[in-house]
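Trainee:
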Amino acid sequence: MRRVLIVDDDSFILEGMKRVLGQSFEVDTADSGSEGLYKLSELGPFATVISDMNMRGMTGVEFLERARTVAPLTTRVMMTAYADPETLAASINRASVFRFLNKPVARREFVQCLNDGIAAYDAALATAAQTAPSDMDAAWLEKALARADFDEEFSINFQPRVASVSGVPHGVEALIRWHHPERGFISPVDFIPVAERGTAIRDLTNWVLLGACRAWTDWQYRHDVELAVSVNVSPALLADSRLVGMVRSAVSRSGIDPNRLELEITEGLEVQDGHKIRETISGLKALGVKLSIDDFGTGFASMSQLQSLDVDCVKIDRSFVTNAPDNAKDQAILRSVSELGRTLGLKTVAEGIEVESHESFIRDLGIDEMQGYRFSKPLPSDQLIPWVGERYKLLSTTLSNPRLLESA
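Structure representation (structure tokens):
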């Protein structure tokens, strides 16, 4: 695996490093320590993470120390123009830094460091595969999920989606977070697969559905902000006849307009024996909710799903966006999906928009909406409304045609 994460609070440096290294590695970026930790926990694994030492808010030492906990196998590299001996010692002792890079860094030195870091990661991964008690961890997670007080331990964050042309907020994706009272933050990457193997996934989905729908009602009626809200649904639940009842109950109890509720289905869904799935989808569509295919393009069933499932939207996986401005193959895929959406009358959403080059490229392709850290990280509900206000304030000063705000 050649995935690397670069963390620096200077967007110009991030753009340059991504351009220089993007041909040899799959490069992701973050402009703060908090964003870097989110990506390590939610979007990993990464073989190597490189952090600038001097960053606003969270220093490189603090970030890599926490990164060591979040992603212990990921190789950690510190980049610095100058550091005193005590800071370097702290980096080694607290963050277990693999290597230091002194600015300015030549491309050859960068590539060599990343190759060495990836080799170290591969070796650590091989050792962990032989010794890690993964079954025990899964068993612990299963028990912890069964005992969890959902209202106390879980929360929902919302990541905005914006219209590509106008930049106006159009919707949000609901993302579950688990803060265990003893172990702290537990990534969905770890607990969702365990939940899907048992009955916990149904309880989690029901909880998120109701919470997201109630949040929508609060935005709409208390703050006069109307956004579509999307909730991820495990493919396993589409064959469960109770899903329609869960959604119906959430709509009824919350008062949400069902046309503003969107259920995201992972693209890897198997549909060849899909009688129950088609019944479920028919019931959901009868309620008025929208359906979308998430992570579109990463599996092998994309076209068959579009034929078999009555979907309204495709969300393009971030892996096609990351290097698209400089990668001809990714560009061709994105153009094809954009054209496919227009032909079939489907809304298209691009995930993983992080820098200006992503935004401008996706906008020029005619993809309908964008989602990513370029606009906002996932936010608690009480922080979303202020973000919407600030977003409109920003747009009112930057858009040359204010009518776009009214027509979007």
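In the working numbering, the protein residues as written are -11 to 396. Glycine residues also receive a C-beta, built at the ideal position from the N, C-alpha and C atoms.
For N194, which three-state DSSP category applies?
Mentor: Here DSSP, grouped into helix, strand and coil, assigns N194 to helix.
Trainee: Report the rounded CA-to-CA distance for R362 versus V337, giving the unit in angstroms.
Mentor: 14 Å
Trainee: Out of curiosity, what's the CA-to-CA distance linking H158 and L215?
Mentor: So the alpha carbons of these two residues sit roughly 5 Å apart.
Trainee: Output yes or no for whether 8 Å exceeds the beta carbon distance between A224 and I269.
Mentor: no
Trainee: Does DSSP put K278 in a helix, a strand or coil?
Mentor: DSSP places K278 in strand when its eight states are reduced to three.
Trainee: Quick check: D40 and D19, are their CB atoms within less than 8 Å of each other?
Mentor: no
Trainee: Helix, strand or coil: which one does DSSP assign to N247?
Mentor: helix
Trainee: Are the CB atoms of E220 and E184 nearer to each other than 8 Å?
Mentor: First, the amino acid is wrong: residue 220 is Asn here, not Glu. 8 Å or more divides the Cβ of N220 from the Cβ of E184.
Trainee: Rounded to whole angstroms, what is the Cα-Cα separation between G271 and V232?
Mentor: 6 Å
Trainee: Where do the N-terminal and C-terminal ends of the beta strand (DSSP E) with T68 fall, by residue?
Mentor: Counted as a single uninterrupted DSSP element, the beta strand (DSSP E) harbouring T68 occupies residues T63 to T68.
Trainee: Can you give me the C-alpha to C-alpha distance between Y380 and S154, rounded to a whole angstrom?
Mentor: 10 Å
Trainee: Need the endpoints of the alpha helix (DSSP H) that G21 sits in, please.
Mentor: G21 to E30
Trainee: Report the option in G32, W207 and T331 whose CA atom is closest to the CA atom of V217.
Mentor: W207
Trainee: Looking at the strands, I want to know which residues DSSP matches up with M5.
Mentor: Among the bridge pairs identified by DSSP, M5 is matched with none.
Trainee: Quick one: is the Cβ of E97 within less than 7 Å of any heavy atom of the ligand ADP?
Mentor: The ligand ADP is not among the ligands present in this structure, which contains no ligands whatsoever.
Trainee: Let me know the secondary structure DSSP gives E214 once reduced to three states.
Mentor: coil
Trainee: Return the chain-ordered list of same chain residues with a C-beta closer than 6 Å to the C-beta of P313, the five sequence neighbours on each side being excluded.
Mentor: S345 and F349
Trainee: Using beta-carbon positions only, say whether V8 and R95 come within less than 8 Å of one another.
Mentor: yes
Trainee: Closer than 8 Å is the cut-off here; do at least three beta carbon pairs connect the stretch 353 to 369 with the stretch 126 to 140?
Mentor: no
Trainee: Helix, strand or coil: which one does DSSP assign to Q359?
Mentor: strand
Trainee: Just grab the DSSP bridge partners of P368 for me.
Mentor: N145
Trainee: In chain order, what residues of the same chain lie with their CB nearer than 6 Å to the CB of G32, ignoring the 5 residues before and after it?
Mentor: A59
Trainee: If you run the structure through DSSP and keep just helix, strand and coil, what is P169?
Mentor: Assigned with DSSP and collapsed to three states, P169 falls in coil, not helix or strand.
Trainee: Along the chain, where does the alpha helix (DSSP H) that runs through D318 open and close?
Mentor: A316 to L332
Trainee: Quick check: the Cα distance between V239 and W204, rounded to an integer number of angstroms?
Mentor: Looking at the two C-alpha atoms, the distance is approximately 11 Å.
Trainee: What residue does the beta strand (DSSP E) around R87 start on, and which one ends it?
Mentor: R87 to N90
Trainee: Quick one: give me the first and last residue of the beta strand (DSSP E) that L231 is part of.
Mentor: Where L231 is concerned, there is no enclosing beta strand (DSSP E), although the alpha helix (DSSP H) it sits in stretches over R230 to S242.
Trainee: Measuring CB to CB, does I144 end up less than 8 Å from T36?
Mentor: no
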